[in-house]
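In the numbering used here, the protein residues as written are 81 to 237.
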C-alpha cells in the first residue's frame with residue numbers, strides 16, 4: 081500500500097511538470113491504474129476498480145487518438161525535472177518493495193476463491209450475465225457505427 085501511495089504522489093508531481101499532451105495522457109492512465117489498485121485493495125473487491133479502470137481507459141483512448149491525430153508531429157523533449165522525478169520514483173519503489181510471504185499468498189488465494197464464488201452464485205448470476213451481454217451489445221454497436229472511411233478522424237491526403 082505504501083508503494084502505491086508513493087507512486088500516486090510521484091505521478092502527480094510528474095503530471096505538474098509535463099507539457100506534452102500525449103505524455104500527460106500516459107501519466108493519467110498510469111495514475112488511473114494506481115488508483116484502481118488502491119481501491120481494490122481497500123475494498124477487498126476489485127469490481128469497482130475494474131469499472132473505474134475501463135471507463136477511464138476508454139475515455140483516455142479516445143483522447144489519445146484525437147491528440148495523436150492533431151499533434152502527431154510535435155516532438156517530445158523530457159525536462160530535467162521530469163527525469164529527476166522519474167529517477168526518484170524508481171529509487172523509492174525499489175526501496176519500498178516488500179518480499180511477500182508464502183502464507184500471505186495462500187490466504188489471498190483462498191479469499192479470491194470465496195469472492196468469485198459469491199460473485200457467481202445464483203442471486204447475482206443474472207446481474208452479471210446481463211452486464212456481460214450489455215457490454216457485448218455495446219461493443220458490437222460501436223464497431224458497426226464506427227467506419228474508418230467515414231469517421232470523424234479522417235486521414236488528410
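For glycine and all other residues, C-beta sits at the position ideal for the given N, C-alpha and C.
Which value, in whole angstroms, describes the spacing of the CA atoms of residue 147 and residue 101?
7 Å
Expressed to the nearest angstrom, what Euclidean distance is found between the alpha-carbon atoms of residue 138 and residue 159?
28 Å
Which residues in the same chain as residue 108 place their Cβ atom closer than 8 Å to its Cβ, once the five residues preceding and following it in sequence are excluded?
Once the five neighbours on either side are set aside, the close Cβ partners of residue 108 are 95, 136, 140.
Decide if the segment 122-131 is in contact with the segment 82-91; the criterion is three or more beta carbon pairs, one per stretch, under 8 Å apart.
no
Leaving out five residues before and five after residue 120 in sequence, what residues of the same chain have Cβ atoms less than 6 Å from its Cβ?
These residues qualify, in order along the chain: 126, 129.
Determine the closest residue to residue 131 out of 224, 220, 212, with distance taken between C-alpha atoms.
Closest by alpha carbon: 212.
Do residue 140 and the ligand FAD come close, with the Cβ less than 7 Å from some heavy atom?
By its list of ligands, the structure shown contains no ligand whatsoever, and the ligand FAD lies outside what it can speak to.
Taking the CB atoms as reference points, tell me whether residue 166 and residue 133 lie closer together than 8 Å.
no
Just verifying my parser: in three-state terms, what is the DSSP assignment at residue 158?
coil
Within its chain, find whatever has a CB closer than 6 Å to the CB of residue 208; leave out the 5 residues flanking it on each side and keep chain order.
Annotation for residue 208: no residue places its beta carbon closer than 6 Å to its own, counting only its chain and skipping 5 residues before and after.
Using a Cβ-Cβ cut-off of 8 Å (strictly less than) and excluding sequence neighbours within five positions of residue 173, which residues of its own chain qualify?
83, 86, 87
With DSSP collapsed to three states, give me the class of residue 208.
helix
Give me the Cα-Cα distance between residue 216 and residue 171, rounded to the nearest whole angstrom.
42 Å
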